[in-house]
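Per the working numbering, the very first residue in the sequence shown carries number 110; after that it's consecutive. All C-beta atoms, glycine included, are put in the ideal place defined by N, C-alpha and C. Nothing here was measured: the structure is a model prediction, and the numbers come from that model. Written out below as structure tokens is the structure these notes cover.
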Amino acid sequence: MNENFVVDNSVVMTWCFKDEANQYADSILDSLEQFTAIVPSIWPLEVGNVLLVAERKKRLSEADNTRFIALLSELPITVEQEPAERMIGEIFVLAREHKLSTYDASYLDLAMKKGIPIATST
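As structure tokens, this is what we get:
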């Protein structure tokens with residue numbers, strides 16, 4: 110990867126779960142030494158939800174989640190804010206057209222809007 114990029118939460122969360130680690134996700138993490146990842150405004154909520162579910166299922170501890178959140182705060186990840194009208198309008202239409210969830214469409218929309226690649230494992 111040779112430029113800034115959008116990173117999907119499916120990639121980010123593999124950094125948290127050792128049993129989901131893979132070479133692709135590791136290479137994306139390594140690329141953050143040089144580049145910035147951009148994520149849509151729903152991303153922090155998605156991260157939080159995955160961590161809470163994992164904690165409730167005893168897959169992660171509170172301490173694990175605290176460490177992972179601290180790691181994420183150190184990484185060059187920029188949250189791109191979108192007005193609610195655009196999210197329920199253009200992104201909703203994009204999701205419908207491509208048979209995606211609105212969550213996945215928000216990542217695709219951001220990559221298209223910025224003209225940059227998207228790193229996803231889905």
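- Contact check between the segment 162-171 and the segment 195-211: fewer than three CB pairs, one atom from each, fall below 8 Å, which does not count as touching.
- In this chain, the alpha helix (DSSP H) harbouring ALA220 covers 211-223.
- DSSP lists no bridge partner for PHE126.
- Between GLU191 and SER150 a beta carbon distance of about 5 Å is seen, short of the 8 Å cut, so the two are scored as contacting.
- Two segments are said to touch when three or more pairs of C-beta atoms, one from each, lie closer than 8 Å; by this definition the segment 132-139 does not touch the segment 171-179.
- Going by C-alpha positions, HIS207 is about 16 Å away from ILE227.
- For THR187, the three-state secondary structure derived from DSSP is strand.
- Within the model, the alpha-carbon separation for ALA146 versus LYS222 is close to 14 Å.
- ALA130 and ASN118 have their alpha carbons spaced roughly 14 Å apart.
- Selection VAL188, LEU219 and GLU189 evaluated against LEU203 yields LEU219 as nearest (Cα-Cα).
- Bounds of the alpha helix (DSSP H) holding PHE201 are 201-207.
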